[in-house]
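Below: the structure, in structure tokens.
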Amino acid sequence: MAMLDNNAPVGVFDSGVGGLTVAREIMRQIPEERIVYFGDTARVPYGSKSKDTVIRYSRQIIRFLRTEHVKAIVIACNTASAHALETVQKESDIPIIGVINAGARTAVRATRNGKIGVIGTEGTVGSGIYTEVMKKLRQDIEVTGKSCPLFVPLVEEGLLHDSVTDEIASRYLSVLKSKYIDTLVLGCTHYPLLRSTIGRLMGEDVTLVNPAYETALELKELLKAQGLNREADAPLTGEKYQFFVSDLAEKFTDFATSILPSEVKETRKINIEEY
Ligand code: DGL
4 MAMLDNNAPV GVFDSGVGGL TVAREIMRQI PEERIVYFGD TARVPYGSKS
54 KDTVIRYSRQ IIRFLRTEHV KAIVIACNTA SAHALETVQK ESDIPIIGVI
104 NAGARTAVRA TRNGKIGVIG TEGTVGSGIY TEVMKKLRQD IEVTGKSCPL
154 FVPLVEEGLL HDSVTDEIAS RYLSVLKSKY IDTLVLGCTH YPLLRSTIGR
204 LMGEDVTLVN PAYETALELK ELLKAQGLNR EADAPLTGEK YQFFVSDLAE
254 KFTDFATSIL PSEVKETRKI NIEEY
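With the numbering used here as the guide, the letters of the sequence shown map in order to residues 4 to 278.
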């Protein structure tokens with residue numbers, strides 16, 4: 004077992020910028036915690052890659068985060084949580100959590116008619132993991148998955164409120180509407196940024212679940228339970244939040260500054276293939 008320091012940062016990783024929606028929730032809910040964020044901008048997207056590849060990438064990122072002496076890791080990416088969480092958890096002596104259990108739990112709690120929709124990448128939806136976890140929580144639940152591969156590039160292009168996004172979203176979501184779901188899991192890091200479009204198209208009777216919110220809560224409880232939570236007045240040496248990517252550091256800095264509560268001053272580029 005590694006000797007853990009509660010003043011150490013939490014590692015958060017994603018295939019790129021999307022996981023910042025999870026980092027943002029952690030910053031809001033546990034502002035005393037330090038974060039080392041890694042975005043795999045050289046190898047994004049993960050959503051269309053195989054399980055083996057996503058496991059290999061996740062292992063490399065975890066090795067990198069360990070060099071930053073993180074005390075716990077959050078896999079902010081739904082696709083990496085779907086494909087790699089179980090494997091990397093078994094190999095790790097520090098706690099690692101993903102976003103799927105949290106999202107599944109919230110949805111099962113929220114549904115009134117037992118019909119839940121899940122949208123995500125091809126990898127996440129194809130893995131069937133959300134359905135599996137939800138059915139363990141409540142057997143009679145009916146889950147409809149729908150992959151929405153064009154949502155990630157639309158968000159990355161900044162088309163959050165655009166007629167093109169509306170048109171594509173209404174095509175993707177029609178199958179979920181026809182199943183009369185009353186709860187929809189935004190099972191991909193980028194989708195909370197399309198929340199208003201998705202919410203409008205699904206109608207106000209459908210509850211939208213953002214797994215990021217519940218994941219931050221789960222992290223908070225986990226750190227506390229393991230005595231790993233950082234004291235708010237603990238001395239801080241260096242930056243509270245550090246950002247690393249595998250490519251295009253400046254582009255990342257701009258995007259991060261646009262969605263995080265405070266300005267990101269620096270993003271460092273590393274060669275992830277070395278880990
Ligand atoms: N971060 C990914 C996820 O949450 C979306 C982007 C990608 O395909 O890599 O599934």
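Glycine included, C-beta positions come from ideal geometry on N, C-alpha and C. It should be emphasised that the depicted structure is a prediction, and the values quoted were computed from it without experimental measurement.
{"Query": "C-beta atoms of T44 and D257 nearer than 8 Å", "Result": "no"}
{"Query": "Cβ neighbour criterion (16 or more within 10 Å) applied to V167", "Result": "exposed"}
{"Query": "Those runs of the beta strand (DSSP E) which lie wholly inside the stretch 101-145 and span at least 3 residues", "Result": "118-123"}
{"Query": "8 Å Cβ cutoff met for V102 and T210", "Result": "no"}
{"Query": "Cα-Cα separation, V20 to S181", "Result": "32 Å"}
{"Query": "Nearest candidate by alpha-carbon position, reference S177, set L204, Q245, A228, A237", "Result": "L204"}
{"Query": "Alpha carbon of D55 to alpha carbon of Y49, nearest angstrom", "Result": "11 Å"}
{"Query": "In chain order, each beta strand (DSSP E) run of at least 3 residues that lies wholly inside the stretch 7-90", "Result": "13-17, 38-42, 75-78"}
{"Query": "Contact under 8 Å by Cβ, I64 with F41", "Result": "yes"}
{"Query": "Given 8 Å, three or more beta-carbon pairs between the stretch 124-133 and the stretch 69-89", "Result": "yes"}
{"Query": "Nearest to E71 (by Cα), restricted to the options G120, R37, Y194", "Result": "R37"}
{"Query": "Neighbourhood of A237 by C-beta, 7 Å cutoff - its chain only, sequence neighbours within 5 removed", "Result": "N10"}
{"Query": "Same chain only: Cβ atoms within 7 Å of R108, ignoring 5 sequence neighbours per side", "Result": "L140, E217"}
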